Amino acid sequence: MSVVTREENMTTIAPGRDVVSSMVAEFKQELAELLAENSSVLRLDMTGVELVDSMGIGVIIATHNSMKKRGGKLLVSHVSENIFKLFQSMRLDKHLYLQ
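Take the sequence shown: its letter number 27 is residue 10 in our numbering, and every next letter is one higher.
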């Protein structure tokens, strides 16, 4: 289960583990609940995340698209160097808000 914190207009979710197919179903459900709350900014804190597979990338992109569609934004923070390089190789650094 991910750690969720709420501030004024921002909600932060921190999975604290690798975002891979074995946890994606639970993570998608957690994100769906947060999206229903209509925060203007959703921050995905990647602290402790060392691996993201194709399923995880799909969830991140879908969440980004959902936030963008309603005028909000998804911030992806504390991205490890390896995951940042993966995002760059897929050109996701041009679309995602990486911190």
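For every residue, glycine included, the Cβ atom is placed at its ideal position computed from N, Cα and C. Here the structure is a predicted model, which means the values were calculated and not measured.
To which residues does DSSP link Leu27 through a beta bridge?
Ile(-4) and Val59
- Could you check where the alpha helix (DSSP H) with Val7 kicks off and where it finishes? Ser4 to Ala19
I believe Met(-16) touches Ser22 by the beta-carbon criterion, under 8 Å. Please report the beta-carbon distance rounded to the nearest angstrom.
19 Å between Cβ atoms; not a contact.
Fill in: Residue span of the alpha helix (DSSP H) that contains Val42, given as start and end
Ser37 to Lys52
### Query
Is it right to say His47 is buried, meaning 16 or more other beta carbons lie within 10 angstroms of its own, or is it exposed?
buried
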